[in-house]
Structure formats: structure tokens, C-alpha cells
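Asks: Dropping the structure in here first, questions after.
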Amino acid sequence: MFFVCSDIHGRYDRYTALLEKIDLRPSDRLYVLGDSIDRGSDGCKVLLAMMRCPQVVPILGNHELYLALCLPWLMQEVTEQSIEELDDSRLAVLQEWIANGGGPTLRALRALSIEERQAILEYVREMELYAEVEVEAGRKFLLSHAGVDHFSPDKPLEDYELADFLFCRPDPAQTFWPDRYLIYGHTPTSLLRARMGLPLSDEILRCGRQIAIDCGCGFDGKLGCLCLDTMEEIYVE
Ligand SMILES: [Mn+2]
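Counting in our numbering, the sequence shown runs from 1 upward without gaps.
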């Protein structure tokens with residue numbers, strides 16, 4: 001079975017509760033579509049637990065990108081060279097990270113050993129930008145953190161930019177591929193519902209072949225999970 005969730009945002013309690021609920025068998029896979037860290041306090045714990053679980057397939061989110069950009073020079077000792085490297089563009093990324101809820105992750109990183117920080121950095125650097133999945137029923141899926149920006153039906157996936165997968169804010173009315181579902185997080189479904197004039201709820205939002213699964217775990221909503229084989233929705237509050 002294939003499962004997909006996203007935007008855990010430091011809620012280790014909900015992540016472990018979800019794993020208990022879906023009870024992964026060795027052949028199952030849980031795709032985690034990025035933003036496992038920040039806002040909540042336990043993002044590093046979530047990443048370390050994901051690393052220990054061979055069934056978890058991590059996909060990069062914009063919050064993991066902040067970590068990958070900032071952590072290498074944050075780990076350096078304060079030397080003349082490291083201070084010189086702290087130029088305005090690096091400071092701007094760090095400020096953007098903190099403005100987007102990075103503080104709790106930075107504090108948690110400080111409490112980790114150098115080996116653990118290094119392991120987290122390697123794990124994040126190896127995350128893919130998207131995953132293509134096909135289930136037995138013949139349904140096909142494209143999974144990414146935020147959707148696909150600058151979409152064109154015939155454009156090969158490898159021709160998109162990093163930002164297209166990490167910062168996209170899809171219009172739920174837009175049509176992507178006719179033969180596969182696009183599943184993404186990043187934009188809470190309550191926000192998408194508000195934009196569409198739908199009644200508010202923190203549940204998975206299905207619009208044709210678009211499925212938004214960020215159920216607001218980082219903002220006191222829920223952690224949502226979709227089983228791709230059965231299309232069943234699972235929630236942890
Ligand atoms: Mn995001």
C-alpha cells in the first residue's frame with residue numbers, strides 16, 4: 001500500500017500517532033511531501049524518526065530547503081572565513097527561515113550532536129523534488145510539496161525548476177495531466193476552501209485530479225493522510 005502525508009511541521013506526536021494508525025508493513029510506503037520541520041517544536045525529532053523508518057520516502061519542502069541552505073554555515077565555528085561567508089543573501093535566507101517558523105528547529109538543532117546534525121543535513125540533501133507512483137488499480141500520481149508551477153502538459157518533469165515544486169500555489173480549478181492525479185501540500189486546505197468560497201474544514205480537498213493534503217497540522221488543524229490504493233483518508237488530530 002502507498003500512503004501520502006505532508007506538512008507535519010514539528011508535530012512528532014501526530015506523526016507517531018499516524019504511524020500507529022496506518023501500521024506500515026515492510027512492503028508499504030509512506031511518502032512525506034515536505035515541511036516536516038518548523039512551526040512546531042519537534043521537527044528534528046520527526047526527521048530523525050523518518051530516517052529510521054525504511055518505508056518512509058521523503059520529498060523536499062521549502063522548509064527543508066531553508067535548513068539545507070543555512071545549516072552548513074551555522075555548523076561552522078566562528079572564524080574569519082565563516083564571518084566573511086555570512087553575506088547579505090545568506091542572512092536573508094536565515095531571516096526568511098525564522099520568519100516562517102524556523103526558530104523552534106534552530107533551537108532543536110542546537111541540542112543535537114554534530115553527528116546528528118550532519119545526518120539530518122545529508123538526509124535533506126538527498127530528498128527528491130517529486131515522486132511518480134502508480135497503484136494496482138492503474139491510477140497514476142505525481143506527488144510534490146507544493147504542486148507544479150509553470151505547468152505545461154508536454155514539459156518533461158526534469159525541466160521544471162526547484163521553485164516550481166516548492167513554492168507553487170495551485171489554482172484548484174486548473175487542469176494538470178489528464179491521466180494522473182497531482183497531490184500536494186504546502187497550502188492548507190482551509191485556505192484553499194476559503195479562496196474557493198467553500199465551507200471551511202481541515203480535511204483533504206479533492207478537485208478533479210488535484211488533491212491538496214496539507215490539513216493545517218502546522219496551524220492547529222489536522223495531520224491528513226491519503227491511502228493511494230483505496231483513496232481512504234486518515235486523520236490525526
Ligand atoms: Mn511549504
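Glycine is no exception: its CB is placed at the ideal position from the N, C-alpha and C atoms.
#1: Using C-beta distances below 7 Å, list every residue in its chain close to glutamate 85, excluding the 5 sequence neighbours before and after it, in chain order.
#2: Taking 7 Å as the cut-off, is the C-beta of alanine 146 nearer than that to any heavy atom in ligand 1?
#3: What residue from Tyr66, Ser190 and Lys140 has the CA that sits closest to proline 199's CA?
#4: Tell me, which residues are paired with proline 153 by DSSP?
#5: With respect to the alpha helix (DSSP H) encompassing isoleucine 211, which residues constitute its N-terminal and C-terminal limits?
#6: Is it right to say arginine 169 is buried, meaning 16 or more other beta carbons lie within 10 angstroms of its own, or is it exposed?
#7: Thinking C-alpha only, which one of Ser36, Pro54 and Arg193 is nearest aspartate 28?
#8: Just how far apart, CA to CA, sit threonine 16 and alanine 49?
#9: Let's see if you can read the secondary structure: which residues bound the beta strand (DSSP E) around isoleucine 234?
#10: Please report how far the alpha carbon of serine 201 lies from the alpha carbon of glutamine 76, in whole angstroms.
#11: Measure the beta-carbon distance from cysteine 5 to leucine 18 and round it to whole angstroms, keeping in mind my assumption that it falls under 8 Å.
Replies: Per the coordinate set shown:
#1: Trp73
#2: yes
#3: Cα-wise, what sits closest to proline 199 is Ser190.
#4: Residue pairing from DSSP leaves proline 153 without any beta-bridge partner.
#5: Where isoleucine 211 is concerned, there is no enclosing alpha helix (DSSP H), although the beta strand (DSSP E) it sits in stretches over 210 to 212.
#6: exposed
#7: Answer by Cα proximity: Pro54.
#8: 9 Å
#9: 233 to 236
#10: 44 Å
#11: 6 Å
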